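Visitor: Those sequence lines, one after another, are chains D and S.
The numbers in the working numbering rise by one with no breaks, and the one at position 78 of the first sequence is 78.
To convert, take the position in the second sequence, counting from 1, and add 226; that gives the working numbering.
Protein chains: 2
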Amino acid sequence: MRDRLTERQNQVYEFLRSYIRTNGKPPTIKEIGAQLGIKSTNGVHKMIVALEKKGYIRRARHEARGISLIGGEHDPFSDEGDVPGVALLKMKEGAGRRARSLTSETAEYPLPRSRQQLLVDPKLLPEDIEMEALLIVTAGDDGMSQIGIWKGDVLVVEEMDPFSVPPQALVAVLLYDRLVVRRFEVADRRLHFRSPDRTYTDESADPDDTDYFVIGQVLAVMRKLA
Amino acid sequence: MRDRLTERQNQVYEFLRSYIRTNGKPPTIKEIGAQLGIKSTNGVHKMIVALEKKGYIRRARHEARGISLIGGEHDPFSDEGDVPGVALLKMKEGAGRRARSLTSETAEYPLPRSRQQLLVDPKLLPEDIEMEALLIVTAGDDGMSQIGIWKGDVLVVEEMDPFSVPPQALVAVLLYDRLVVRRFEVADRRLHFRSPDRTYTDESADPDDTDYFVIGQVLAVMRKLA
DNA sequence: TGGCTGGGTGAAAGTATTTTCACCTATATG
DNA sequence: CATATAGGTGAAAATACTTTCACCCAGCCA
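#1: Where DSSP assigns a beta bridge to D:Y212, which residues make up the other side?
#2: Can you list, in chain order, the residues of its chain with a C-beta nearer than 7 Å to that of S:K256? Leave out the 5 residues immediately preceding and following it.
#3: State the DSSP-derived secondary structure class of S:A223, mapped to helix, strand or coil.
#4: Can you give me the C-alpha to C-alpha distance between S:Y473 and S:H288, rounded to a whole angstrom?
#5: Which term fits D:T6, buried or exposed, when burial requires 16 or more other beta carbons within 10 angstroms of its beta carbon?
#6: State the start and end residues of the unbroken alpha helix (DSSP H) segment that holds S:L242.
#7: Tell me the residue span of the beta strand (DSSP E) that contains S:H418.
#8: Is D:I48 helix, strand or coil by DSSP?
#9: Less than 8 Å between the CB atoms is what I'm expecting for S:R416 and S:D432, so what's the real figure, rounded?
#10: Going by alpha carbons, who is nearest to D:D188 out of D:R178, D:F163, D:L174?
#11: Quick one, which of S:N236, S:A395, S:H418 has its alpha-carbon nearest S:G442's?
#12: Can you check whether the CB of S:L405 is closer than 8 Å to the CB of S:V457?
#13: Can you tell me the Cα-Cα spacing of S:A359 and S:V444, whole angstroms?
#14: Mind checking whether S:A276 and S:Q235 have CB atoms under 8 Å apart?
#15: Let me know the secondary structure DSSP gives D:S204 once reduced to three states.
#16: Which stretch, first to last residue, makes up the beta strand (DSSP E) that contains S:S266?
#17: Give me the chain S residues within the contact set of D:V120, using Cβ-Cβ distance strictly less than 8 Å, ordered along the chain.
#18: Classify D:A238 as helix, strand or coil using the three-state DSSP reduction.
#19: Taking all protein chains shown into account, decide if S:K251 is buried (16 or more other Cβ within 10 angstroms of its Cβ) or exposed.
#20: Helix, strand or coil, according to DSSP, for D:K123 in the structure here?
#21: Chain S beta carbons: is any one of them nearer than 8 Å to that of D:A139?
#22: Would you verify that the beta carbon of S:M448 is, or is not, closer than 8 Å to some beta carbon of chain D?
#23: Just grab the DSSP bridge partners of S:E384 for me.
#24: List, in chain order, every chain S residue whose beta-carbon is nearer than 9 Å to that of D:Q217.
#25: Where does D:K54 fall in DSSP's three states?
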């Protein structure tokens, strides 16, 4: 369907995306030229026409800032306007079983996944998140009030191996049979968990310690109050 | 601080939102006029200037389609909603205006309602709740960490008058211009707010004290972490 | 009563933006 | 070689948009 773009055309297309995303409106021909180092408006104009012919953009003739992207979203905020139910997340029971080490890429999960799902607004999540990697757990222990998380809170977790977690992020960890949240860091090839309460000292563990199973980074918290 | 909008100005503002949302770019002056039935571009122009003076929009002078909304583009809750789904809630900006007493059943709201929405899973809400009575605010003050709420948290609030709130429930209150959460009770025909931090003494207020505006009961809390 | 503010009409002026025209330079291709 | 395609320059023409000017009207308030 859509023809392949040349290198230069792709640069224009990418600029359009980023401009629209950051400015909330399409650029003018001149602005495109300024970015790509094209001095003549006609030079840009021809590329725009080419992009339209290849089916990547739409043009509103004679209209100021009349370029719009084709291929789903013209809305920078909703990630992929396809399906309304984008943010259907897998629900997973919180505590109750013993933690296991992950043995390989296809790690077996300590808990059977259930079919339960929870609707989450994309605005509560990072922009370009993979829905497939998300799951829901419930916080299973107290002692996290210092970081604003209570027992029973619903956590949206992005599954990832410990070494991909950004430093100082909050992670969901299966500690023995409790699901807890800890501020987390990898140092010296060991996993360091900062205890939220100052009364305890920090804990650290070996990556294949079977007592600690790092599920992933906590992206959002939800709490039902009434 | 943003002044209140007149009815007409709010119509313009609402149109701006919806146009931007559906078209991915701001409208021209003429397009605004066409929608609101204003024949002269100057009529629209004056309103646009008024909206800018009151801090609701930004204008790029002489630029085609140069209007942009103000409200924190990176605040995930300030902008653009309309996610299809069950629990579409009205969005309301947190702080920013002075509290007012509610005078009757048809209480006048301190802020004009906007059309912003957030998707919320019904599982996070009481069973037989009226969606119409729900709205979203963001917590606007610190000092609530004792009750597990942080500044910036998203609160799902059921609008209700103070006398319908069950005792000891959490309520969202406009205290002057800050939106805070307090544990709440009515006694002796006065409103009692239990301060979450032990350091402060409890506050109480008269039902028609203009400094305290009780929005309603907090049903759920959500927090974006990454 | 006068003066202020919000909202408007209409038209003219001025700036921004798109489109078109003429012409140029590579590179690839039958 | 002839010709097509991608990508340009520069300038002029044609619109699209915003701003300004002059004037009008109604409601509110001191």
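All residues carry an ideal CB built from backbone N, CA and C; glycine is no exception.
These figures come from a predicted structure and were not determined experimentally.
Guide: This is what the structure holds:
#1: As a position in the first sequence, residue 212 of chain D is number 212, starting the count at 1. Note: D:Y212 sits in a beta bridge opposite D:L175.
#2: In the second sequence, the residue the question calls residue 256 of chain S occupies position 30. Excluding residues within five positions, the ones whose Cβ falls inside 7 Å are T267.
#3: This structure cannot settle anything about residue 223 of chain S, because the visible part of chain S is limited to 227 through 452.
#4: Residue numbering for chain S in the displayed model covers 227 to 452; residue 473 of chain S lies beyond these limits and cannot be assessed.
#5: Residue 6 of chain D sits at position 6 when you count from the first residue of the first sequence. Exposed is the call here.
#6: Counting from one through the second sequence, the residue named residue 242 of chain S turns up at place 16. S:L242 -> alpha helix (DSSP H) spans 233-249.
#7: Along the second sequence, one-based indexing puts residue 418 of chain S at 192. Run containing S:H418: 416-420, per the beta strand (DSSP E) assignment.
#8: As a first step, residue 48 of chain D must be located in the first sequence, where it is residue number 48. In this structure, D:I48 counts as helix in the three-state DSSP scheme.
#9: Here the question's residue 416 of chain S lines up with position 190 in the second sequence. Here the question's residue 432 of chain S lines up with position 206 in the second sequence. With a Cβ gap of about 6 Å, S:R416 and S:D432 count as contacting.
#10: The sequence position of residue 188 of chain D within the first sequence is 188, counting from 1. It is D:F163.
#11: Here residue 442 of chain S refers to the residue found at position 216 when the second sequence is read from its first residue. Here the closest residue by C-alpha is S:A395.
#12: Nothing about residue 457 of chain S can be read from this structure; chain S reaches only from 227 to 452.
#13: Residue 359 of chain S sits at position 133 when you count from the first residue of the second sequence. Residue 444 of chain S sits at position 218 when you count from the first residue of the second sequence. C-alpha separation (whole angstroms): 12 Å.
#14: Numbered from its first residue, the second sequence carries residue 276 of chain S at position 50. Numbered from its first residue, the second sequence carries residue 235 of chain S at position 9. Yes; because the gap between Cβ atoms is below 8 Å, this pair is in contact.
#15: Looking up residue 204 of chain D in the first sequence gives position 204. Strand, per DSSP.
#16: For the purposes of this step, residue 266 of chain S is identified with residue 40 of the second sequence, where counting begins at 1. Premise fails: S:S266 is in no beta strand (DSSP E) and is neither H nor E.
#17: Numbered from its first residue, the first sequence carries residue 120 of chain D at position 120. Simply L345, D347.
#18: The question about residue 238 of chain D has no answer, for chain D in this structure spans 1 to 226.
#19: The count along the second sequence starts at 1 and reaches residue 251 of chain S at position 25. When all chains shown are included, S:K251 counts as buried.
#20: Locating residue 123 of chain D in the first sequence gives position 123, counting from the first residue. Three-state result, D:K123: helix.
#21: The residue labelled residue 139 of chain D in the question sits at position 139 within the first sequence. Not one chain S Cβ lies under 8 Å of D:A139.
#22: One-based indexing of the second sequence puts residue 448 of chain S at position 222. It does; some Cβ of chain D falls within 8 Å.
#23: Locating residue 384 of chain S in the second sequence gives position 158, where the first residue counts as 1. DSSP lists S:L360, S:Q443 as partners of S:E384.
#24: As a working note, residue 217 of chain D is residue 217 in the first sequence. Chain S residues near D:Q217: L451, A452.
#25: Here the question's residue 54 of chain D lines up with position 54 in the first sequence. DSSP places D:K54 in coil when its eight states are reduced to three.
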